[in-house]
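Taken in order, the sequence shown gives residues 1112 to 1519; the numbers are from this note's numbering.
Glycine residues also receive a C-beta, built at the ideal position from the N, C-alpha and C atoms.
Quick notes on the structure that follows.
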Amino acid sequence: MQQTKQEPNPLLQQLLRISQAKAKMPLSNNVIGAINLVAMLLSIPIIAAGIWLASETDNGCVAILQWPVIIIGILLLVVALAGFAGAFWRIPWLLLFYLAAMFILIILLAILVVFAYMVTNRGSGHAVPGRSYTEYHLEDYSGWLRRRVQGSFKWNRIKNCLMSASICSQMNQTYPSAEIFFNAPITPLQSGCCKPPTLCGYTFVNPTYWISPISTGADVDCVRWSNDQTQLCYACNSCKAGLLANLTREWRKADLILVLTLVALIVIYLIGCCAFRNAKTEDLFRRYKQGEDGRSPGCKRHQETAMEAKYFRFLKIVGVGFKARAEAEGRLLYLKLGYSHEVELTVPPAVRVFCFKPNVVCCTGIDKQRVTQFAAAVRSCKPPEVYKGKGIMYIDEVVKKKQGKKSK
């Protein structure tokens, strides 16, 4: 008895090829989980930058930038954990929440980066002849920063905080002589708050005790200087300028960390969006292959029709605003292809058409010639162009792109 060779089912072959092609793609739910793991790791330098700012004396007294940085870092960590859970347990709404929340956090972080740059791009020290340290003037800094230290209420609170940190008392033991002090790289805060301005012509006794000024009218801070160790030059504009110089230095360092983290977040967010899109497409093909219930009765009818059919041809539509929709139970196909009107195609007998997504079209039927011919007719409505790859093409078609003309 001669055995008849059973013909393989074209539907299974087509779906197998699609599944294999999708399996080769690295953008999947596993990749989304890995991307969220990277996002969690990226939240660590943001939180660390905020904690570092908060640990510095000057930032702790002013308390402006560190808390927004810490809050954004913690929110980023929480959102990344939500995205990781959504990818691990395949929860679509959690992934959508991750994409939306991450987009908002990236925007907020970008605003914070730009803001920090704008308020710190002005201001620098002025060299003093015969001295290694520099002195600072309040008018050199941005108006927004100056307003943070102006007003008696604001400055008294900041001054008391600086005095409690004992930033000046340490200098007497560190720099016992004038020669050592004049060649010391003291901080901007010490330069502005712990000594009088050089223009006043005070004589050095120790770093926090100066006598015999030559010109008290050279600067308004000359008369504000006091040898009282609880006063010194904390009421001087030079102290405010030294504080702003310290803030500017530290904010620039933190801003560099935020910029690098922001770039990395944008890259992994774009990869995550592509991965989410491909994961949804994979899920559609998987549900179609397994015969699971669709999202609507129309989708279920399409599946039942497809199971009765013998031949299939899949097409994909590439292009911004290009989409397709099937009506009249798969007997009419409407295409939006960038023309002034929709392209309407009447499906021939023994052929049905339905859409997985607005950019995925399936032609199915019991007559191979008619299915192939109609699929070719759909493709001919907008063949793929070779420069940008836009148009209608078969799902397994590879378009070899050409390089466009280079401008001279």
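query	result
State whether the stretch 1248 to 1257 contacts the stretch 1339 to 1354, with contact taken as three or more CB pairs (one from each stretch) at a distance under 8 Å.	yes
At what residues does the beta strand (DSSP E) containing L1446 begin and finish?	1443 to 1447
When the Cα atoms are used, what is the spatial distance from V1149 to A1365?	20 Å
Which of the three DSSP states, helix, strand or coil, is assigned to Y1422?	strand
Using the beta-carbon count (16 or more within 10 Å), is G1054 buried or exposed?	Residue 1054 falls outside the range modelled here, since the chain spans only 1112 to 1519, and no answer is possible.
Measure the Cβ-Cβ separation of G1500 and V1454 and say whether it is below 8 Å.	no
Hey, quick one: how far does the beta strand (DSSP E) through N1317 stretch, first residue to last?	1314 to 1317
Roughly how many angstroms separate the alpha carbons of R1436 and C1466, rounded to a whole number?	6 Å
Taking the straight line between their C-alpha atoms, what separation do you get for R1257 and L1358?	12 Å
Can you tell me whether W1178 is buried or exposed? The criterion is at least 16 other CB atoms within 10 Å of its CB, across all chains shown.	exposed
Where P1324 and P1287 are concerned, what is the direct C-alpha to C-alpha distance, given to the nearest angstrom?	21 Å
Using the three-state DSSP reduction, which class does L1206 fall into: helix, strand or coil?	helix
Excluding the 5 residues flanking N1170 on each side, which residues of the same chain have their C-beta closer than 8 Å to its C-beta?	L1164, L1176, Q1177, L1358, E1361
Go through its chain and collect everything with a Cβ distance to V1190's Cβ below 7 Å, but skip five positions before and after it.	Y1209, A1212, M1213, L1216
What residues are listed by DSSP as bridge partners for M1504?	K1427
Return the CA-CA distance between G1449 and K1434, expressed in angstroms with no decimal places.	9 Å
Within the chosen definition, does the stretch 1369 to 1388 reach the stretch 1219 to 1228 through at least 3 CB pairs nearer than 8 Å?	yes
Is C1474 closer than 8 Å to A1486 when the C-beta atoms are compared?	yes
Grouping DSSP H, G and I as helix and E and B as strand, with all else coil, what is A1159?	helix
Verify whether the separation of the beta carbon atoms of C1272 and C1304 is less than 8 Å.	no
Just the Cα atoms here: how many angstroms apart are Y1102 and A1356?	Summary: the structure shown does not reach residue 1102, with the chain confined to residues 1112 through 1519, and so no result is reported for it.
Within its chain, find whatever has a CB closer than 8 Å to the CB of G1515; leave out the 5 residues flanking it on each side and keep chain order.	Y1498
If you drop the 5 nearest sequence neighbours on each side, which residues of the same chain put their C-beta closer than 6 Å to that of L1187?	S1154, L1216
I'd like to check one pair, G1241 with F1293: are the Cβ atoms closer than 8 Å?	yes
Do V1482 and L1456 have their C-beta atoms closer together than 8 Å?	no
Mind checking who E1250 pairs with in its DSSP beta bridge?	According to DSSP, which records beta bridges pairwise, E1250 is partnered with nothing at all.
Rounded to whole angstroms, what's the CA-CA distance from C1385 to I1183? Just pull it up for me.	24 Å
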